[in-house]
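One structure is given here, and the rest of the page talks about it.
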Amino acid sequence: TATALITIVASAFNAFFANTPVAMSVGMGLNAYFTFAVCLGQNIAWQSALGAVFISSIIFLILSFTHFRLWVIRNIPKDLRLAICAGIGCFIAFLGLSQMGVIMHNKDTLVSIGNFKIPHVFFGIFTLALIIFFWAIKLRGAFIL
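For the working numbering, add 76 to where a residue sits in the sequence shown, where the first one is 1.
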């Protein structure tokens, strides 16, 4: 809910004050990591996890003012930066497919294919295929439809 509200407010500000047709939102990779890996995966209370986020934000702010953050970013090889972006994208896709029921937990192989006979799994795959089709034919707004 908070992510949706921030997206609406930021996009409205961008539309009306900057006069640009660009949607603004928070990074969903960190939301997913915070929820699934930190809170649920490590059994850490969300209050404690948010406290750690606050402390790390203060440290990040200090490092930004000293330009240490910029130095670190410039010294990370480009291939590694691209790989990190791809890894975050794969993580979000994995979470989406898992929540949709397309892939499921399996104790032997870690993941397995879900049951495609369940209606929400079928409609999820159909919707994903439709988005990919619209994107392939370069239909504007394919991801919004």
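Virtual Cβ for every residue (Gly too), placed ideally from N, Cα, C.
So, with DSSP's three-state summary, where would you put residue i?
i           : result
residue 188 : strand
residue 26  : Residue numbering for the chain in the displayed model covers 77 to 221; residue 26 lies beyond these limits and cannot be assessed.
residue 214 : coil
residue 98  : coil
residue 219 : coil
residue 149 : helix
From the DSSP secondary-structure annotation, give me the bridge partner or partners of residue i.
i           : result
residue 182 : 186
By alpha-carbon positions, which one of the options ends up nearest to residue i?
i           : options            : result
residue 179 : 164, 155, 196      : 196
residue 41  : 192, 170, 193, 176 : Outside the shown range of the chain (77 to 221) lies residue 41, about which nothing can therefore be said.
residue 175 : 190, 182, 90       : 190
residue 79  : 124, 111, 154      : 111
Leaving out five residues before and five after residue i in sequence, what residues of the same chain have Cβ atoms less than 8 Å from its Cβ?
i           : result
residue 145 : 136, 139
Spatial neighbours of residue i within its chain, please: CB distance less than 7 Å, with the 5 preceding and 5 following residues excluded, ordered by chain position.
i           : result
residue 218 : 207, 210, 211
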